[in-house]
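Line order of the protein sequences matches chains A and B.
So for the first sequence, the working numbering puts the first residue at 1; every next one is plus one.
So for the second sequence, the working numbering puts the first residue at 114; every next one is plus one.
Where a beta carbon is used, it is the ideal one built from N, C-alpha and C, also for glycine.
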Amino acid sequence: DAKTTQPTSMDCAEGRAANLPCNHSTISGNEYVYWYRQIHSQGPQYIIHGLKNNETNEMASLIITEDRKSSTLILPHATLRDTAVYYCIVRAANTGTASKLTFGTGTRLQVTL
Amino acid sequence: DVKVTQSSRYLVKRTGEKVFLECVQDMDHENMFWYRQDPGLGLRLIYFSYDVKMKEKGDIPEGYSVSREKKERFSLILESASTNQTSMYLCASSFIADNYGYTFGSGTRLTVV
Numbered sequence: 001d002a003k004t005t006q007p008t009s010m011d012c013a014e015g016r017a018a019n020l021p022c023n024h025s026t027i028s029g030n031e032y033v034y035w036y037r038q039i040h041s042q043g044p045q046y047i048i049h050g051l052k053n054n055e056t057n058e059m060a061s062l063i064i065t066e067d068r069k070s071s072t073l074i075l076p077h078a079t080l081r082d083t084a085v086y087y088c089i090v091r092a093a094n095t096g097t098a099s100k101l102t103f104g105t106g107t108r109l110q111v112t113l
Numbered sequence: 114d115v116k117v118t119q120s121s122r123y124l125v126k127r128t129g130e131k132v133f134l135e136c137v138q139d140m141d142h143e144n145m146f147w148y149r150q151d152p153g154l155g156l157r158l159i160y161f162s163y164d165v166k167m168k169e170k171g172d173i174p175e176g177y178s179v180s181r182e183k184k185e186r187f188s189l190i191l192e193s194a195s196t197n198q199t200s201m202y203l204c205a206s207s208f209i210a211d212n213y214g215y216t217f218g219s220g221t222r223l224t225v226v
């Protein structure tokens, strides 16, 4: 699976958009980009994933560049409850057996008043 | 509300004890996973299973074994607990076609003394 690079930490003011970047320059054509987050003392939580089109759900938007070498997770109106570690993971589509996720160290997002 | 339930939130065991960590999911997921999480090292995969009685080694299986006798239950076994197995243990599950990602439990913080 392709490796990802994320900033170690970021700050965001409450109510503003949080834009979390991720580089995955060695991504292959069949690899998806997944985003998870982990709030302190809890298990990671799935946010969103995409292959090449931009995706949006009730939690966030995922913007993938045309060459697919980087992506941005957007939390449109960050709240204090969005303070967490955000993980960007690249992984091939499931082939029918358990396809494991490999977590890096992620970006620690601090949302402030 | 879909759930992955880990039997204990906190556990303290003595060196050399046999330790069982239990995980149950109610989503009829085929895949189940055990990770451990340590400061600075992120989440590391120990074992996973894609079907009853099937298991695959993850990245750090040494010192651990697993059991999956029923689809909903995946147990992690520390045959002889050691202090370097003090960690947060996280269980997760997913469908084989895991378009909605993994669902994680809240974790078990194990301390081996």
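Buried/exposed call for residue i, threshold 16 Cβ in 10 Å
{"i": "B/Met145", "result": "buried"}
{"i": "A/Ala78", "result": "buried"}
{"i": "A/His49", "result": "buried"}
{"i": "A/Pro76", "result": "exposed"}
{"i": "B/Tyr123", "result": "exposed"}
{"i": "B/Arg181", "result": "buried"}
{"i": "A/Lys100", "result": "buried"}
{"i": "B/Thr128", "result": "exposed"}
{"i": "A/Ile27", "result": "buried"}
{"i": "A/Ser25", "result": "exposed"}
{"i": "A/Val85", "result": "buried"}
{"i": "B/Val165", "result": "exposed"}
{"i": "A/Arg68", "result": "buried"}
Cβ distance (whole Å) where residue i is taken to contact residue j below 8 Å
{"i": "A/Ser70", "j": "A/Asn23", "result": "5 Å"}
{"i": "A/Gly192", "j": "B/Gly155", "result": "Outside the displayed span of chain A (1 to 113) sits residue 192 of chain A, for which this structure offers no information."}
{"i": "B/Lys131", "j": "B/Ser193", "result": "7 Å"}
{"i": "A/Ile74", "j": "A/Ile63", "result": "7 Å"}
First and last residue of the uninterrupted beta strand (DSSP E) at residue i
{"i": "B/Asn144", "result": "144-151"}
{"i": "B/Ser206", "result": "200-207"}
{"i": "B/Arg122", "result": "Counting along the chain, B/Arg122 falls outside any beta strand (DSSP E), and DSSP gives it neither H nor E."}
{"i": "B/Glu135", "result": "132-138"}
{"i": "A/Gln110", "result": "107-112"}
{"i": "B/Leu154", "result": "Unbroken run through B/Leu154: none, as it is neither H nor E."}
{"i": "A/Val85", "result": "84-92"}
{"i": "B/Val225", "result": "221-225"}
{"i": "A/Thr72", "result": "70-75"}
8 Å Cβ cutoff, residue i in contact with chain D
{"i": "B/Tyr215", "result": "The structure shown contains no chain D; the protein chains it does contain are A and B."}
Mind listing which residues of the stretch 38-60 of chain A have their C-beta closer than 9 Å to chain B's C-betas, in chain order? Gln38, Ser41, Gln42, Gly43, Pro44, Gln45, Tyr46, Ile47, Ile48, His49
Residue ranges of each beta strand (DSSP E) run of no fewer than 3 residues wholly in the stretch 13-61 of chain A, ordered along the chain? 18-23, 31-38, 45-50
In the stretch 128-156 of chain B, which residues sit with their C-beta less than 9 Å from some C-beta in chain A, listed in chain order? Glu143, Asn144, Met145, Phe146, Tyr148, Gln150, Gly153, Leu154, Gly155, Leu156
Please specify which runs of the beta strand (DSSP E), each continuous and at least 3 residues long, are wholly inside the stretch 159-187 of chain B, giving them in chain order. 177-183
For the stretch 180-199 of chain B, which residues have a CB atom closer than 8 Å to at least one CB atom of chain A, in sequence order? none
Please identify, using Cβ separations under 7 Å, the residues of the stretch 68-86 of chain A that lie next to chain B, in order along the chain. none
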